[in-house]
Amino acid sequence: AAYLFAQSLRAFRTLFGISRFIVNPYQFGADNDEALASGAFWFYDRLGFRSVRAALRSLAERERALMRRRPGRRSSRAVLRRLATADLVLDLGAHTVELFPEDHLVTLGQRVATHLARTGGGDGQLDALPPGPRARVAASAREGLRLLGPFLLLIGRDRRRWPRRDQEALAAIIAAKGARGERRYVHLARRLPGLWRALDAAARARS
-14 AAYLFAQSLR AFRTLFGISR FIVNPYQFGA DNDEALASGA FWFYDRLGFR
36 SVRAALRSLA ERERALMRRR PGRRSSRAVL RRLATADLVL DLGAHTVELF
86 PEDHLVTLGQ RVATHLARTG GGDGQLDALP PGPRARVAAS AREGLRLLGP
136 FLLLIGRDRR RWPRRDQEAL AAIIAAKGAR GERRYVHLAR RLPGLWRALD
186 AAARARS
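Heads up: the sequence shown begins at -14 in the working numbering, then just goes up one per residue.
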């Protein structure tokens, strides 16, 4: 299992340039008795994942020291439950874009849902297109706009101030999102840090 999991991470790193992997607490014990019983925390720990909280990293180090002194020792459920109160992260470094907080995805999703409920959805997403390609939109761009349009509407005010090259880069990202594969989309999106800064600002803004 560890080998297959590591190879999956390797594939994402190679194909998409991913340099940060996150494991949510449920996977290793939060409200998950099976994960606690199996000591799942140590599966991820041995692969290099570390807690995002300094106090929990220190707790894990103390547990490692005890296990080195006493081979075969198992962490108590109380300790495993405490370790499962924050995400685990494998950080390979060399980030090409700012790290985007995972909880922002929930916030942005909620704001998109609110916006669509208020406006009724529809073709208003065309307003999310950069200047230029509105009149003739390829099928891939239309599909990409369907997927990304609501999020882009949240950053419309900020986006209109972007330089032309960034507007063109965004148009390419929209088209790539609507294509059959995700690889080109991921690589293009990583080259437009202004997009992530704008989404970050939209998530932090008061609703």
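By construction, the Cβ of each residue, glycine as well, lies at the ideal position given by its N, Cα and C atoms.
Values in this document were obtained by computation on a predicted structure and should not be read as measured data.
For residue i, the three-state DSSP class (helix, strand or coil)
i: I3; result: coil
i: L155; result: helix
i: L75; result: strand
i: S23; result: helix
i: P135; result: helix
i: P148; result: coil
Nearest to residue i (by Cα), restricted to the options the options
i: S4; options: L77, Q(-8), T92 and R144; result: L77
i: D62; options: G94, G14 and F136; result: The sequence shown places Arg at residue 62, rather than the Asp named in the question. The candidate whose alpha carbon is nearest that of R62 is G14.
i: G163; options: V37, P135, S125 and D185; result: S125
i: R169; options: L155, R182 and W181; result: L155
i: I159; options: R176, W147 and L130; result: L130
i: H89; options: F136, Q152 and L(-11); result: F136
i: L41; options: L(-11), L0 and L68; result: L68
i: L139; options: G2, A188, A(-9) and E153; result: A188
i: L180; options: R191, E167 and R150; result: R150
i: R96; options: R38, A190, Q12 and Y11; result: A190
Burial state of residue i (16 or more Cβ within 10 Å)
i: A45; result: buried
i: S43; result: exposed
i: L132; result: exposed
i: E87; result: exposed
i: L184; result: buried
i: D72; result: buried
DSSP bridge partner residues for residue i (one or two, in chain order)
i: L184; result: Its beta-bridge partners do not exist; DSSP assigns none.
i: V8; result: L73
i: R35; result: V74
**OP:** Examine the Cβ distances between the stretch 51 to 65 and the stretch 28 to 38 and report whether three or more of them are shorter than 8 Å.
**Re:** no
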